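In the UniProt record's numbering, the protein residues as written are 1 to 73. Here the structure is laid out as structure tokens; the discussion comes afterwards.
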């Protein structure tokens, strides 16, 4: 959750980040109670890896939109 907060607060500001993390915690808590499942949170490394993949995918999409062809090196 800390990594999510830090990332959002840089992009959107502290207030919005607090609201987003609170909503995420409330959703997790609700689902834990409703379905009686244990909490399985992502580690900071898992979150950062997911975020890195998302950014890479967005950059690839942006390059295709500009008519560029990407090649792996």
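Glycine is no exception: its CB is placed at the ideal position from the N, C-alpha and C atoms. Keep in mind that this is a model prediction, so the values were computed, not measured.
Original post:
Of all the alpha helix (DSSP H) runs that stay within the bounds of the segment 11–43, which reach a length of 4 or more residues?
Top reply: 14–35
**OP:** Using alpha carbons as the reference points, say which of 28, 22, 59 lies closest to residue 40.
**Re:** 28
**OP:** Output yes or no for whether 8 Å exceeds the beta carbon distance between residue 3 and residue 62.
**Re:** no
Original post:
On the three-state DSSP scale, how would you describe residue 2?
Top reply: helix
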